[in-house]
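Asks:
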Amino acid sequence: MIIPVRCFTCGKLIGDKWEEFARRVKTGEEPGGVLDSLGIKRYCCRRMLLSHVEVIDDLLRFYEEAEKRKQAGNRYYY
Amino acid sequence: MEKNDRNTRLIIRGTDAPFMNALRRTVLAGVPCMAIDEVVIIENSSVLRDEIIAHRLGLIPLKTDLDGYNLPEECPCKSEFGCNLCRVSLALDAEAKEGTRTVYSGELISENPDIVPVSDKIPIVKLVKEQKLKLEAYARLGKGKKHAKWQPVSMCTYKYFPQIKIDDKRCDACGKCVEICPRKVLVKDGNGIEVRDLMACTLCQDCVDVCPQNPPAIDVSWDENAFIFNLESTGALPPKRTMTEAIKILDKQLKEFGRQIKVKKSAKS
Ligand code: SF4
Ligand code: SF4
Ligand SMILES: [Zn+2]
Ligand SMILES: [Zn+2]
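In order, the protein sequence lines correspond to chains A and B.
Quick note, the first sequence lines up with residues 7 to 84 if you use the numbering used here.
Quick note, the second sequence lines up with residues 8 to 276 if you use the numbering used here.
1) Beta carbon of A207 of chain B: closer than 6 Å to some heavy atom of ligand 2?
2) Please indicate yes or no: does the CB of K183 of chain B lie closer than 6 Å to some heavy atom of ligand 2?
3) Which chain B residues are close to D22 of chain A, counting only those with a beta carbon under 7 Å from its beta carbon?
4) Anything with a beta carbon under 6 Å from a heavy atom of ligand 3 counts; list them all in chain order.
5) Considering only residues of the stretch 188 to 257 of chain B, which uninterrupted alpha helix (DSSP H) runs meet the minimum length of 4 residues and lie entirely inside it, listed in chain order?
6) Is it right to say E252 of chain B is buried, meaning 16 or more other beta carbons lie within 10 angstroms of its own, or is it exposed?
7) Along the stretch 8 to 22 of chain A, where does the CB come closer than 9 Å to a CB of chain B? Name the residues.
8) Where does F168 of chain B fall in DSSP's three states?
9) Beta-carbon within less than 6 Å of M162 of chain B's beta-carbon, same chain only, minus the 5 sequence neighbours each way: which residues are those?
10) Examine chain B for any beta-carbon lying closer than 7 Å to the beta-carbon of I46 of chain A, and answer yes or no.
11) Regarding Q220 of chain B and ligand 1, is the C-beta to nearest heavy atom distance less than 6 Å?
12) Tell me, please, whether the stretch 165 to 175 of chain B touches the stretch 49 to 65 of chain B by the rule of three or more beta-carbon pairs shorter than 8 Å.
13) Can you list the residues of chain B that Y49 of chain A reaches, using a CB-CB cut of under 9 Å?
14) Going by DSSP in three states, N91 of chain B sits in which element: helix, strand or coil?
15) With DSSP collapsed to three states, give me the class of K23 of chain A.
16) Ligand 1 and Q170 of chain B: does the residue's C-beta get closer than 6 Å to at least one heavy atom of that ligand?
17) Which partner residues of G149 of chain B appear in the DSSP bridge assignment?
18) For ligand 4, any of its heavy atoms closer than 6 Å to the Cβ of C40 of chain B?
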């Protein structure tokens, strides 16, 4: 859903590194190198970021759409 | 050996494995630190449920002031709710006015400016326009044995200090051991093998198994009384403070243990 605050296995804080990771990978950087430069060494923490899908963004789209329709005065907004 | 504000690596000599393990377990389960323990949700219209948000808040590591606060069970107030000496309240009031946005840990307003999240950039939830999140959270000291959120470290390990011996007379510098070593401990140097990074050795013995000489020209063993101790803090407490605190707690527990044994002995005789 949303990036977990800590690594499930070891408890290292990883939530604050997700946005930078996602941004840099999107610009075409090699994920392994990005993880190294963020100081994420263990594979338990590395998989947290590598395998994460931010599903909340897809979910929020429905709410944004509903909000738009509400604004447009469409009474079938939900 | 290596030290910064988060990680510490030490060589500890003249001790044994049981002591190292006791120290490790005390660091993990016995050293208190701050974490959010109770959350009062005033308003939540976000897509995440109250419980999920409370859980996320609990996992946020907070900078801890060990001297200024008491453990709730040891506090003179004896109240379930807590007092100024055993509890810190943090408030969060976030609303998405303009459009979709992320609520970060930096928006938590603490009543004590020293007890704040270690990072301001931890996402708590994402809000769409018109959604609101308003809550009050209470942080308390606690120990890792009750919940992992109270662990001051995200890693605490020890391993034997490696010893690598290469018999130059029998080694023909074939380089097989250099190739197989997963940690790149060994390098070829002219017609011999050199140890480049002894600390990285995991004692896996792959280099010994692969050596074509019989008996192998390389020997990997370890010092029974020296250890490499590795500690990675979550940021709640500096590594040095974590260590001194762990030693203090261990010392207290051992003294208490010794006292109880003495009492038992005298009761028998
Ligand atoms: S024991 Fe393993 S890690 Fe150590 S030097 Fe040999 S191959 Fe490398
Ligand atoms: S594998 Fe054995 S013989 Fe070959 S270089 Fe290593 S120690 Fe020497
Ligand atoms: Zn991890
Ligand atoms: Zn109190």
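Heads up, the beta-carbon is just placed ideally off N, CA and C, and yes, glycines get one too.
Owing to the predicted nature of the structure, the values given are computational and were not obtained by experimental measurement.
Replies: Reading off the structure:
1) no
2) yes
3) S126, K128, I129
4) A:C13, A:T15, A:C16, A:K18, A:R48, A:C50, A:C51
5) 213 to 217
6) buried
7) I8, I9, P10, V11, R12, C13, C16, G17, K18, L19, G21, D22
8) strand
9) E239
10) no
11) no
12) no
13) None at all; the shortest Cβ gap to chain B is about 13 Å.
14) coil
15) helix
16) no
17) B:C40
18) no
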